[in-house]
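A.B. asks:
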Amino acid sequence: MIICSCNVISDHVVRRAIEDPDTSVARVSCLFGHLGCHPQCGRCAPTLRRLIRESTAGDATHCPAALDDIGDEAQGPPPGAAE
Ligand code: FES
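Written out as structure tokens, the structure is:
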């Protein structure tokens, strides 16, 4: 099932990324970074957060990207802001 329609990310891809012992995906932003894409509309964020929470059960404490969560990123830059 596709969870993120903007980036065409399935639940299988998400679970594989979360459960990969060589990565640490503790936040939605880390998941997007791991998958090499960026959040766009943000509609998938609640589902992705739930999958991360369920899979990690609170033990994922390290996130190499260490970015803010999808909430701010999904909004994009403010109008007129340089990227
Ligand atoms: S559905 Fe995931 S960013 Fe839009």
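Numbering (my numbering), first residue to last: 21 to 103. All C-beta atoms, glycine included, are put in the ideal place defined by N, C-alpha and C. It should be emphasised that the depicted structure is a prediction, and the values quoted were computed from it without experimental measurement.
1) With 16 as the cutoff for other CB atoms within 10 Å, does arginine 47 come out buried or exposed?
2) Compute the Euclidean distance between the alpha carbons of isoleucine 23 and alanine 65, then round it to the nearest angstrom.
3) Leucine 55 and valine 33 - do their beta-carbons sit closer together than 9 Å?
4) Is it buried or exposed for cysteine 50, if we count other Cβ within 10 angstroms and need 16 for buried?
5) Relative to the alpha-carbon of glutamate 74, which residue among Glu39, Gln60, Cys61 has its alpha-carbon at the smallest distance?
C.D. replies: Quick answer:
1) What you label residue 47 is simply residue 27 of the sequence shown in a count that begins at 1. Counting Cβ neighbours within 10 Å, arginine 47 comes out buried, since at least 16 surround it.
2) To locate residue 23, count along the sequence shown from 1; it is residue 3. To locate residue 65, count along the sequence shown from 1; it is residue 45. Their Cα atoms are separated by approximately 9 Å.
3) Locating residue 33 in the sequence shown gives position 13, where the first residue counts as 1. Locating residue 55 in the sequence shown gives position 35, where the first residue counts as 1. The answer is yes: Cβ separation under 9 Å.
4) As a position in the sequence shown, residue 50 is number 30, starting the count at 1. Result: buried.
5) Working through the sequence shown from its first residue, we reach residue 74 at position 54. Of the listed residues, the one whose Cα sits closest to glutamate 74 is Glu39.
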